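A.B. asks:
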DNA sequence: TCACTAATGTACGAACCAGTACGTTAGCTA
DNA sequence: TAGCTAACGTACTGGTTCGTACATTAGTGA
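Residue numbers (the numbering used here), protein chains in the order written: chain A, 379 to 601; chain B, 379 to 601.
1. Report the rounded CA-to-CA distance for residue 591 of chain B versus residue 400 of chain B, giving the unit in angstroms.
2. For residue 595 of chain A, name the three-state secondary structure that DSSP assigns.
3. According to DSSP, is residue 390 of chain A part of a helix, a strand, or is it coil?
4. Could you tell me the alpha carbon to alpha carbon distance between residue 525 of chain A and residue 471 of chain A, rounded to whole angstroms?
5. Can you list, in chain order, the residues of its chain whose CB lies under 6 angstroms from that of residue 483 of chain A, leaving out five sequence neighbours each side?
6. Could you list which residues in chain A have their beta carbon closer than 8 angstroms to that of residue 596 of chain B, in chain order?
7. Any chance the region 509–516 of chain A sits against the region 486–497 of chain A, with 3 or more Cβ pairs inside 8 angstroms?
8. In the DSSP assignment, the alpha helix (DSSP H) including residue 525 of chain B goes from what residue to what residue?
9. Specify whether the region 564–582 of chain B and the region 564–581 of chain A touch according to this definition: at least 3 beta carbon pairs, one from each stretch, less than 8 angstroms apart.
10. Report yes if the C-beta distance between residue 358 of chain A and residue 441 of chain B is below 7 angstroms; otherwise report no.
11. Sort A:406, A:565, A:447 and A:427 by Cα distance to residue 519 of chain B and report the nearest one.
12. Mind checking residue 560 of chain A: buried by the 16 CB within 10 Å criterion, or exposed?
13. Could you have a look at residue 484 of chain B and say whether DSSP puts it in helix, strand or coil?
14. Taking the C-alpha atoms as reference points, what is the distance between residue 585 of chain A and residue 408 of chain A?
15. Here's a check: name, in chain order, each residue in its chain whose Cβ is nearer than 7 angstroms to the Cβ of residue 449 of chain B, leaving out the five neighbours to either side.
16. Assuming residue 458 of chain B contacts residue 528 of chain B (C-beta within less than 8 angstroms), just tell me the rounded distance between them.
17. So with CB distances below 8 angstroms, who are the chain A contacts of residue 545 of chain B?
18. On the DSSP letters alone, give me the boundaries of the alpha helix (DSSP H) that residue 504 of chain A sits inside.
19. With 16 as the cutoff for other CB atoms within 10 Å, does residue 532 of chain B come out buried or exposed?
20. Is there a Cβ from chain A that is less than 7 angstroms from the Cβ of residue 556 of chain B?
21. Kindly list the residues whose CB is nearer than 7 angstroms to the CB of residue 411 of chain B, restricted to its own chain and excluding five residues on each side of it in sequence; keep chain order.
22. Of the choices B:413, B:486 and B:506, whose alpha-carbon is the least far from that of residue 465 of chain B?
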């Protein structure tokens with residue numbers, strides 16, 4: 379047996395000093411802590427205490443609290459982008475493809491509540507950390523490319539009546555998925571309904587798909 | 379002339395000590411400050427400095443930072459409820475009524491970004507302050523009652539094909555309106571598009587209405 | 001007009017918290 | 001194996017921040 383807490387690749391002995399591991403461990407804990415308490419609510423001392431290293435290392439590797447939060451955001455957004463890159467709807471017709479994309483987005487939001495919280499927190503800070511990050515500026519969105527291709531095919535085949543912009547459709551899908559997770563608590567407290575109740579999951583997932591398809595295939599009544 | 383900064387009802391002389399005015403002034407400033415910086419980011423000293431009174435009064439009237447934030451939320455939610463009570467769509471047919479309701483919701487979110495921020499902040503804190511407030515627990519939602527009545531009429535007249543729950547439709551409308559304002563900054567930074575750009579306002583407003591109507595009037599293709 | 005209380009102001013303290021000065025050691029390389 | 005440096009730990013500080021003890025006064029009712 380090589381180690382209890384580290385799975386580690388075989389042949390790679392557990393070292394006392396491991397920059398990559400220490401850095402990753404700090405990021406893991408910092409992600410939880412920032413997501414839990416917000417930027418100002420998070421405590422650098424608390425983050426350090428929950429790692430196997432000390433506060434000194436946070437400043438050694440990241441420079442400060444601000445940069446740590448930026449690094450947390452970079453990694454979180456990177457994970458989303460990687461997941462989006464694995465979306466494959468090429469074999470589906472436009473209607474099925476859009477529904478599938480909506481479902482993947484729905485699932486992803488549900489499975490990453492910490493990410494949702496981080497994004498909410500970053501919006502309170504008016505995206506200053508994203509602005510400060512070079513990495514995040516040129517990250518792009520694979521999901522948007524997928525939407526663009528599906529919409530083009532849908533318009534060509536005449537299945538979609540609406541001449542919809544890809545970014546707008548992304549807003550439509552994301553807003554529903556995001557709100558359900560981000561506003562779970564106030565909504566639950568005020569309306570007595572848990573939007574993330576597992577028993578309601580399939581219902582809301584289908585509702586999202588129905589909504590998007592209805593919008594894309596509806597006859598537009600010109601005002 | 380009675381006073382420069384207080385419009386005041388005639389005959390009511392400007393007093394040096396005015397509990398109601400002091401309380402209201404603290405709430406005004408606190409609302410701005412909490413919305414700007416979040417709960418933990420807001421500073422009691424800063425709030426006090428921006429009023430005509432002192433920090434002592436915040437503790438005198440509200441008890442502490444937590445209770446001040448709760449009072450801010452209570453007033454903000456109260457304003458929304460009052461606005462919702464003024465919604466009048468009784469004279470419209472169900473389709474027009476739902477679109478009108480969506481537009482009112484859309485306008486209200488756009489006009490109250492501070493409220494959106496406060497709700498986002500309260501969600502980061504898992505609605506603990508709402509839970510601590512008796513007032514907010516029994517506030518209700520006039521908008522929800524309006525939706526209920528419209529849906530019932532729509533189903534009766536056969537205009538709406540979908541058997542939709544009122545709360546669910548409220549989620550659908552709110553999520554779009556909320557996201558557009560709450561995620562304005564991260565969305566803008568990542569996609570280079572300002573969702574609250576005045577030039578796009580009519581476009582998104584119509585898009586929301588189209589979406590909701592399409593959903594309510596679409597033929598459901600059973601899976 | 002006199003006393004009483006609600007309303008207000010000042011000054012301060014104790015805890016907290018981001019960040020750092022300084023010292024130490026594991027592990028690699030020549 | 002000697003020496004070098006990246007990686008790490010300890011202990012501290014200076015400023016901040018919520019909250020309060022204590023003193024004071026405006027307005028009101030008897």
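In this text, a Cβ means the ideal position worked out from N, Cα and C, and glycines have one as well.
Small disclaimer: the values here were computed from a predicted structure and weren't measured.
C.D. replies: If we stick to the structure as given:
1. Translated into the one-based positions of the second chain, residue 591 of chain B becomes position 213. Translated into the one-based positions of the second chain, residue 400 of chain B becomes position 22. Cα to Cα, the separation comes out at about 46 angstroms.
2. Here residue 595 of chain A is taken as the residue at index 217 of the first chain, counted from 1. Note: residue 595 of chain A maps to helix in three-state DSSP.
3. By 1-based counting over the first chain, the position of residue 390 of chain A is 12. Note on residue 390 of chain A: pLDDT 49, under 50, position unreliable in the model; no value is reported.
4. Position 147 of the first chain, counted from the first residue, corresponds to residue 525 of chain A. Position 93 of the first chain, counted from the first residue, corresponds to residue 471 of chain A. Roughly 13 angstroms separates the two Cα atoms.
5. Numbered from 1 along the first chain, position 105 holds the residue referred to as residue 483 of chain A. Here the set comprises 551 and 555.
6. Residue 596 of chain B sits at position 218 when you count from the first residue of the second chain. Chain A residues near residue 596 of chain B: 588, 591, 592, 595 and 596.
7. Counting Cβ pairs under 8 angstroms, fewer than three are found: no touch.
8. Taking the second chain and counting its residues from 1, the one referred to as residue 525 of chain B is at position 147. Element bounds for residue 525 of chain B: 520–535.
9. Flag = no, the region 564–582 of chain B and the region 564–581 of chain A do not touch.
10. Any property of residue 358 of chain A remains undetermined from this structure, which presents chain A solely from 379 to 601.
11. Taking the second chain and counting its residues from 1, one reaches residue 519 of chain B at position 141. Of the candidates A:406, A:565, A:447 and A:427, the residue whose Cα lies closest to the Cα of residue 519 of chain B is A:565.
12. On the first chain, position 182 is the one that residue 560 of chain A refers to. The residue is buried, with at least 16 neighbouring Cβ atoms inside 10 Å.
13. By 1-based counting over the second chain, the position of residue 484 of chain B is 106. Helix, per DSSP.
14. In the first chain, the residue the question calls residue 585 of chain A occupies position 207. In the first chain, the residue the question calls residue 408 of chain A occupies position 30. Per the coordinates, the alpha-carbon of residue 585 of chain A lies some 35 angstroms from the alpha-carbon of residue 408 of chain A.
15. Looking up residue 449 of chain B in the second chain gives position 71. The answer, listed in chain order, is 405 and 440.
16. By 1-based counting over the second chain, the position of residue 458 of chain B is 80. By 1-based counting over the second chain, the position of residue 528 of chain B is 150. Incorrect: roughly 19 angstroms between the Cβ atoms, too far for contact.
17. In the second chain, residue 545 of chain B corresponds to position 167, counting from 1. The answer, in chain order, is 569 and 571.
18. As a position in the first chain, residue 504 of chain A is number 126, starting the count at 1. First-last for residue 504 of chain A: undefined, no H or E at that position.
19. In the second chain, counting from the first residue as 1, residue 532 of chain B sits at position 154. Buried is the call here.
20. Translated into the one-based positions of the second chain, residue 556 of chain B becomes position 178. Judged by the 7 angstroms Cβ criterion, residue 556 of chain B is in contact with chain A.
21. Position 33 of the second chain holds residue 411 of chain B. Excluding positions up to five away in sequence, the list reads 420, 424 and 425.
22. As a position in the second chain, residue 465 of chain B is number 87, starting the count at 1. It is B:486 whose Cα lies nearest to the Cα of residue 465 of chain B.
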